[in-house]
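A.B. asks:
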Amino acid sequence: MKVAIFPGSFDPLTLGHLDLIKRGSALFDQLAVAVMDNASKHPLFSLDERVAQVKEAVSGLSNVSVITSQGLTVDLMNKIGADYLMRGLRNSKDFEYERDIAAMNQFLDDQVETVFLLADPKYQHLSSSLLKEVTMAGGDISAYLPANINAALEKRLDERQMRQVKKHNENR
252 MKVAIFPGSF DPLTLGHLDL IKRGSALFDQ LAVAVMDNAS KHPLFSLDER VAQVKEAVSG
312 LSNVSVITSQ GLTVDLMNKI GADYLMRGLR NSKDFEYERD IAAMNQFLDD QVETVFLLAD
372 PKYQHLSSSL LKEVTMAGGD ISAYLPANIN AALEKRLDER QMRQVKKHNE NR
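With positions in the sequence shown counted from 1, the corresponding number in the numbering used here is that position plus 251.
(1) Among F257, L271 and Q412, which has the Cα closest to the Cα of R341?
(2) Looking only at C-alpha atoms, which of I256, F296, R274 and D262 sits nearest to L369?
(3) On a Cα-Cα basis, can you pick out the residue from S297, M355 and S316 that is closest to L323?
(4) Give the secondary structure of I256 by DSSP, where H, G and I count as helix, E and B as strand, and everything else as coil.
(5) Taking Q362 as part of the beta strand (DSSP E), name the residues at either end of that continuous run.
(6) Whole angstroms are fine: how far does the CA of M337 sit from the CA of P258?
(7) Do you know how far the Cα of S276 is from the Cα of S310?
(8) Less than 8 Å between the C-beta atoms of I256 and M328, yes or no?
(9) To the nearest whole angstrom, what separates the beta carbons of F279 and K253, a pair I think is in contact under 8 Å?
(10) Nearest-angstrom Cα distance between V385 and D391?
(11) Roughly how many angstroms separate the alpha carbons of A290 and L264, rounded to a whole number?
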């Protein structure tokens, strides 16, 4: 059985991510989407919120599960019996970054095989960071998000705006 893992922070999960997940689910018998906590990032959504969002977005894919873990991806792969690490590539910068990570993972566990999928051209310019930046500046990014995640993002931004208004009014 071919078991793969697709790790990421998914804050938020984009249609680019979802496209890769759908394509990966066709390649592997089982695909585990691993929602990871990245200490160097400042997530908009909590880990539990991201897990719930991704689960809803992939609910129609019977061979896809959503998990979470901290620590090394290779340790998580060994824990769940995955031999393949799936990663998406949007551009040459992604390739250089992912190539180095693949080499380190190979060093840590020589059984790990990294599989790269090229992003669909319509999603090659997307990143979760860029989408968050655009939406926080008032841009509409709904065309790049699954509906459930777009709704959660709009709600989160409304909550933030209300907190800012409240703070502003309290400081008067």
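The C-beta atom is built at its ideal place from N, Cα and C for all residues, glycine as well. In this text, all values refer to a predicted model and were calculated from it rather than measured experimentally.
C.D. replies: Let me spell this out:
(1) The shortest Cα separation from R341 among F257, L271 and Q412 belongs to L271.
(2) In terms of Cα proximity to L369, the closest of I256, F296, R274 and D262 is R274.
(3) The option with the nearest alpha carbon to L323 is M355.
(4) strand
(5) Neither: Q362 is in no beta strand (DSSP E) and is coded neither H nor E.
(6) 8 Å
(7) 12 Å
(8) Yes, these two residues count as a Cβ contact at 8 Å.
(9) 5 Å
(10) Approximately 8 Å between the Cα atoms of the pair.
(11) Distance between the alpha carbons of A290 and L264 is about 18 Å.
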